[in-house]
Structure formats: structure tokens, C-alpha cells
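A quick write-up on the structure given underneath.
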Amino acid sequence: MLSSVPRPFASSRHFPSLLACLFFAVLVAGCSSGPMVTTAPSGSPEARVEQPARKTNWHNLPGWSRDQPMAAWSAFRESCKRLERKPVWAGVCRDSQSVDPLNAQAIQNFFESRFVPYRVTNSDGSATGLITGYYEPILRGSRVRGGPYQIPLYQYPKYWKKHTHVGPTRAELMRSGDLDGTELVWVDDPVEAAYLQIQGSGRVELTDGTTMRVAYAGTNNQPFKSFAKRLIDRGEITPAQATLPGVRDWARRHPGEVEEMLNVNPRMVFFRELKGSEALADTSGPVGALGVPLTSERSIAVDPDEIPLGAPVFLSTTQPLSNQPLQRLMVAQDTGSAVKGAVRADFYWGHGDAAGEAASRMKQRGEMWVLMPKTD
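For what it's worth, my numbering labels the leading residue of the sequence shown as 838, then goes sequentially.
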């Protein structure tokens, strides 16, 4: 998180025993541990599935017949780049190469004939959970400090050597000067810089016309605390205004209080610049925990201890701040420090202001079905 370090409002199974052995074996074989690029590390190196899931039929997936799995096909094929050497996934990934990517019916038939849907439930037997959203911010910046570009994004301090102890808070770091010399790039908006830390990765449009892509490089190991929630508690903004535009508007009206507001969150996130093949094409999404680019509105972040990275997941939830159904095939390609639990996902909306608006408003209830390759 990209995933998915905590969002401004992020809070941060049980199946028939006859299926337990089979499902346990399938999930363990399907788990993957890719490089953590966009989000803070989450979960163990290999996912552990302690309880199985409920096998079900395709007609039990609400909205499956109305979805367009073709829109998730490229995301699934990206997953296969990481999964194709795993025995459980080798067959479906190999055979997917012969499917016409422009034939919607062929793609739907492929999923229905080669996969089995399993309904995901929580340890208490419940089948619903929290679905939040995230996105890739776009900021304006310069490699050199000057003019409006006065807000630094910092690289991970080399002298910390990836320490595991809790470091100084954001406020302490900003006062001490310990980060002097570690500036990666300078941007023009402190609130957007703070939201970039929340998302974990993003783009910076530079003054020379080029674009820098930055990715998560570590934190000071302090807990995340929501500055947006603090503003709500103080009556400064309403819950509906707890979005990037809403907080940015508050900051413009209270410039002298911005630093105090940002220091409510003791966590500091550090970044690194993506270069070469890591930077990808301009239209590609950031690289998620699976190690492949995310696909707008078709990739999700999950708890890798519950859902195997790379697996297709059918999601049934609602649009942000709405009862309008949002039911579609997604692919589990990212993780996040706030994404914990079985029925829990972070929906990747894409990049830019519209994606950011949707992501910051999304705090819905939802259900999930993980699709696993047939074993017979």
C-alpha cells in the first residue's frame, strides 16, 4: 500500500471439516511472498491458513453473472507471473495463455470451469468485514528545494540500518534535524505529503516535466494515528469532509496549525525512488506486495495469512458512501499493515484526485469468495 499503510480511518473461518485438509493444502501451496514495495510489511513469509473455507457454487456469488471478468484478466495474468511455478497454480496459469484476452465469454468460462469458489468467513463464523480503499497519489515536486517546493519526502536513514525498535516520533524527528541530508524530493503541499505517507507510494510530477515514482522504504515503527479523526473530534471538520480535499481545505484556512495537526500522527514513512523497470510505464499501477503492478479497480490488498497472494477473489460490497452494489472479480496482489483478518480488503482505485476521493470515502461492509484451482 501500495498499499496500504493505515488510511485516515483505517481500523485497522470456519468451514466443514471434510474440506479442511484439501483446502489447507491448496491455500498453502498457493501462497506467495513477493517484495514489499508499496506497503508496510504485513504477515509472515508464508501465509498460514489455520481453518478452511466454505466451498460453494458460482450462482451463490451475488452479481457474478453481471460482472465482466475480462476486466480482471490482465491482473490475473500478472499474478501468474509469480504463481506459475507453484504446483497448484501451474496448470491454470499455463492454460490461461491460450485464452483470447478479448473474448469475454471465454474468460468467464475459463474461471467457471477451472476454479472453485470458497466463501471466506471470519474466525467467529461471520461472513462480512470491512472494505476500505486506497490509491496512488500524484504530487508536484522538485529534486531541489526552492519556490513552492519546501516539503521534503525523506529516504530511510542509513544509520538506522532497518532497526526494529521504535524510533523517534514524527514531531521529534522534525525538531531534531536528524533527517537533514536524507531528503529524496521536495513537494509543495504538506497535506498531500501526509496522505502519500498514508498510501505508501505515489508519483511526483517534477519541474523538468518528468515523473518520479516513489515507494515505501520503511517507518520509524511508531503507531499510526489519524489526524483526520482528531479534526473530527475537535469539531473542525465533519466525517464527510475527512477526505484529502476536505483536510486540504482545512489546512488552507488554518496554515499556522498544519504542523501541529500532522504531528498527531507519530509515524513517519520513508520512501525510495523507483528507477528503470521498477518505475514501469506511466499507465501502470504501483507494484504491490506480490511483486506485480496493481490494476485500477481490480486489485485488492488482503491479509496474506488469510488469503493467498495472487488468488482471484470475488468481492461483494457497495460503492463509497452508498448502497449501490460493487460486485466484481478482483485479484489479491497487495497487503497492508491495517489489512488484518479474513473478510478484510483494501480496494485499489487507481491514481489521481478522483481515485483519492473514492478511496478516502470508502469504508463499507463486504463479503469475499476466494477462487482456487480445481484439483480434480
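For each residue, glycine too, the CB sits at the ideal point set by N, CA and C.
Which same chain residues end up closer than 6 Å to residue i when comparing Cβ atoms and leaving out the 5 residues on each side of it in sequence?
i: Ser1179; result: According to the sequence displayed, residue 1179 carries Ala and not Ser. Around Ala1179: Arg850, Val957, Asn959, Glu1143.
i: Val929; result: Arg951, Pro1210
i: Pro853; result: Reliability fails at Pro853, whose pLDDT of 31 lies under 50, so the model's placement of it is uncertain and the value that follows must be treated cautiously. Cβ neighbours of Pro853 beyond the five flanking positions: none.
i: Ser902; result: none
i: Pro1046; result: Reading off the sequence shown, one finds Gly at residue 1046, where the question assumed Pro. Result list for Gly1046: empty, nothing under 6 Å.
i: Arg982; result: Trp1023
i: Trp910; result: Pro938, Ile944
i: Thr1048; result: Arg1040, Glu1042
Tell me which same chain residues have a C-beta within less than 7 Å of the C-beta of residue i, skipping the five on either side of it?
i: Pro906; result: Ile944, Gln945, Phe948, Leu1166
i: Gly1193; result: Tyr972, Pro974, Leu1081
i: Ser965; result: The question names Ser, but residue 965 is Thr in the sequence shown. The residues are Val1180, Arg1202, Gly1203, Glu1204.
i: Gly1083; result: Ile1074
i: Pro899; result: Ser1153, Gln1164
i: Ala1195; result: Gly970, Pro1157, Trp1186
i: Val936; result: Ala943, Ile944, Phe947
i: Asn1160; result: none
i: Ala927; result: Glu921
i: Asp904; result: Gln1164, Arg1165, Leu1166
i: Gln992; result: Thr1019, Leu1021, Ala1054, Phe1107, Phe1108, Arg1109
Checking 8 Å against the spacing of the C-beta atoms, do residue i and residue j come in under that value?
i: Ser979; j: Thr1044; result: yes
i: Trp895; j: Pro974; result: no
i: Leu1021; j: Leu1068; result: no
i: Arg1198; j: Asn1102; result: no
i: Pro1141; j: Phe952; result: no
i: Arg931; j: Glu915; result: no
i: Val1095; j: Pro1027; result: yes
i: Val1168; j: Ser1136; result: yes
i: Gly908; j: Val1207; result: Reading the sequence as shown, one finds Ala at residue 908 and not Gly. Cβ distance not < 8 Å, so Ala908 and Val1207 don't count as in contact.
i: Ala1065; j: Ala1079; result: yes
i: Pro1162; j: Thr1155; result: yes
Please go through the same chain and pick out, in chain order, the residues whose beta-carbon is closer than 8 Å to the beta-carbon of residue i, but skip the five residues on each side of it.
i: Pro994; result: Asp1015, Leu1016, Thr1019, Phe1107
i: Val1051; result: Leu990, Leu1021, Val1022, Leu1033, Ser1038, Gly1039, Arg1040, Val1041, Phe1108, Arg1109, Glu1110, Leu1111
i: Phe913; result: Ser933, Pro1149, Val1168
i: Pro1076; result: Ile1069
i: Ser1013; result: Pro1005
i: Ala941; result: Gln905, Pro906, Met907
Please look up how many angstroms separate the CB atoms of residue i and residue j, rounded, as I've assumed it's under 8 Å.
i: Ala1031; j: Leu976; result: Not a contact, Cβ separation roughly 11 Å.
i: Asp1086; j: Ala1138; result: Going by Cβ atoms, the distance from Asp1086 to Ala1138 rounds to 28 Å, so no, they are not a contact pair.
i: Gly1244; j: Gln1059; result: Residue 1244 lies beyond the stretch modelled for the chain, which goes from 838 to 1213, so this question has no answer here.
i: Tyr986; j: Asp961; result: Actually they are not in contact, since the Cβ atoms of Tyr986 and Asp961 sit about 50 Å apart, beyond 8 Å.
i: Leu1010; j: Met1105; result: 6 Å
Using three-state DSSP, classify residue i as helix, strand or coil.
i: Tyr1053; result: strand
i: Met1205; result: strand
i: Pro1079; result: With the sequence shown as reference, residue 1079 is identified as Ala, and Pro is not the correct amino acid for it. It is coil, neither helix nor strand.
i: Ser902; result: helix
i: Asp1183; result: strand
i: Glu1143; result: coil
i: Phe1107; result: strand
i: Ile1074; result: coil
i: Lys1066; result: helix
i: Tyr991; result: strand
i: Val1101; result: coil
i: Ser1121; result: coil
i: Leu1021; result: strand
i: Pro1092; result: helix
i: His1002; result: coil
i: Val1084; result: helix
i: Ser848; result: Note that Ser848 scores 31 on pLDDT, short of 50, meaning its location in the model is unreliable; the coordinates nonetheless yield the value given after this. Coil at Ser848, not helix or strand.
i: Ser870; result: Legend: pLDDT at Ser870 = 32, less than 50; position of this residue unreliable, value from coordinates given subsequently. Note: Ser870 maps to coil in three-state DSSP.
i: Leu1043; result: strand
i: Gly978; result: strand
i: Asp1060; result: Reading off the sequence, residue 1060 comes out as Pro, not Asp. Three-state result, Pro1060: coil.
i: Pro985; result: coil
i: Gly970; result: strand
Let me see if you follow: with CB-CB separation under 8 Å, is residue i close to chain C or not?
i: Glu1097; result: Absent from the structure is chain C; it holds one protein chain and no more.
List, from N- to C-terminal side, the beta strand (DSSP E) runs of 3 residues or more that fit wholly inside the segment 916 to 967. 952 to 956
In chain order, each beta strand (DSSP E) run of at least 3 residues that lies wholly inside the segment 1123 to 1178: 1136 to 1138, 1149 to 1155, 1162 to 1171
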